[in-house]
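Student: Below is one structure. I have some questions about it.
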Ligand code: AHG
Ligand code: MN
Ligand code: MN
Ligand code: MN
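Residue numbers (this note's numbering): 1 to 336.
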């Protein structure tokens, strides 16, 4: 008998062992995973599938939408509408929340997603991904409004991402550690390839967009300067740098071998927020990273403690190896 554990088997076993996955949540995760398979097929077709390039539209963030941003968004909505596990969805690519149509039963969960993360990498064949976050619907009447989504990230029931890279990998947490599943294309199934993922507490690798250096706040400058000073600087070691410009790919590397990822606040931003979005980028990634033993802050505060004030709220992000995130956060708090 094969020792391969499928996503379904993993979820059923989790449900039996610690009841962390109610049936509707299990269905939700399986549906999202199936949608990711469909997105992976489009991503892989590339120019052959007429999926590259931009559409003639902008999203609510003022970004020009790529064809794949729209395709991935539609795939996720279509896949999730009818199953009876969801009440509503929110997405980077939709101005406001999408309610489950009346013809379908309404479920207990709210789903948020970044359908296609790393849009600038689509046309150059570099790893991209899909990020998702699951919240419980807290009110118990049929209606859902944006307010129902505005829960701190610590209330997430599940979070995950799928990376479309050399391998297609689904990374998942339901609050009981982090598991990775690799897509077996021939079989069309997700196979558990890593369980209890742990991020090393120390690292010699940082990820930040260095072209923004002149706009950073002093604590971020200080931290990076110290890394760059190498063996003769205060850190007494050499650091390496990576920046893929797909958060999914940078976070995935950190889960695999450690590191720190930062998209800090930037002096060009009027509000004290960064570029990344709290509800469908920072929260799910923060949950995953914490579940793997790492930390995620906005420089001063734990990301998962922030109560959002709007669906598309932005936030500064510092996440990854525990000791490095603690250091950056300490530098911010010392500054006051
Ligand atoms: P998205 O493609 O979903 O809009 O997200 C892009 C984000 C994130 O994936 C990445 O870390 C960051 O933008 C890259 O930003 P820069 O282009 O400023 O490096
Ligand atoms: Mn975008
Ligand atoms: Mn993104
Ligand atoms: Mn996106």
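Ideal Cβ positions, reconstructed from N, Cα and C, are used throughout, including at glycine.
Given a threshold of 16 other Cβ atoms within 10 Å of its Cβ, counted over all protein chains shown, does residue 253 qualify as buried or as exposed?
Tutor: Under this definition residue 253 is a buried residue.
Student: In chain order, what residues of the same chain have a beta carbon less than 8 angstroms from the beta carbon of residue 235, not counting five sequence neighbours either side?
Tutor: 226, 227 and 229
Student: Could you tell me which whole alpha helix (DSSP H) segments of length 4 or greater appear in the region 170 to 240?
Tutor: 218 to 228
Student: For residue 15, which residues in the same chain have their Cβ closer than 6 angstroms to its Cβ, ignoring the five residues on either side in sequence?
Tutor: Result list for residue 15: 21, in chain order.
Student: How many Å lie between residue 1 and residue 192 at the Cα?
Tutor: Confidence at residue 1 is low in this model, with a pLDDT of 47, below 50, so the placement of that residue is unreliable and no value is reported for it.
Student: Going by Cα to Cα distance, which pick from 93, 95 and 86 is closest to residue 102?
Tutor: 86
Student: Could you tell me which residues DSSP puts in a beta bridge with residue 261?
Tutor: 207 and 319
Student: Going by the CB atoms, is the gap between residue 66 and residue 119 shorter than 7 angstroms?
Tutor: yes
Student: What is the chain-ordered set of residues for which the beta carbon lies under 6 angstroms from any non-hydrogen atom of ligand 3?
Tutor: Taking each Cβ in turn, the ones that pass are 114, 117, 247 and 281.
Student: Is there contact between the region 150 to 157 and the region 79 to 97, where contact requires at least three CB pairs shorter than 8 angstroms?
Tutor: no
Student: Starting from residue 287, trace the alpha helix (DSSP H) both ways and give me its first and last residue.
Tutor: 283 to 291
Student: Looking at the secondary structure, which residues open and close the alpha helix (DSSP H) in which residue 8 lies?
Tutor: 7 to 18
Student: So, with DSSP's three-state summary, where would you put residue 120?
Tutor: In the structure shown, residue 120 sits in a helix (DSSP, three-state: H, G or I).
Student: Can you have a look at residue 267 and say buried or exposed, based on whether 16 or more other CB atoms are within 10 angstroms of its CB?
Tutor: exposed
Student: Please confirm if the region 129 to 138 is in contact with the region 49 to 65, defined as three or more CB-CB distances below 8 angstroms between the two stretches.
Tutor: no
Student: Quick check: is any heavy atom of ligand 6 less than 6 angstroms from the C-beta of residue 63?
Tutor: For ligand 6, the structure offers nothing, since it holds only ligand 1, ligand 2, ligand 3 and ligand 4.
Student: For the beta strand (DSSP E) holding residue 58, just list the boundary residues, first then last.
Tutor: 54 to 58
Student: Grouping DSSP H, G and I as helix and E and B as strand, with all else coil, what is residue 329?
Tutor: helix
Student: Could you tell me the distance, in whole angstroms, from the CA atom of residue 8 to the CA atom of residue 174?
Tutor: The straight-line gap from Cα to Cα measures roughly 14 angstroms.
Student: Go ahead and label residue 107 buried or exposed: buried means 16 or more other beta carbons lie within 10 angstroms of its beta carbon, across all protein chains shown.
Tutor: buried
Student: Taking the straight line between their C-alpha atoms, what separation do you get for residue 189 and residue 237?
Tutor: 43 angstroms
Student: Between 324, 296, 326 and 331, which lies nearest to residue 315 when the distance is taken from Cα to Cα?
Tutor: 296
Student: Run through DSSP, which three-state label would residue 247 get?
Tutor: For residue 247, the three-state secondary structure derived from DSSP is helix.
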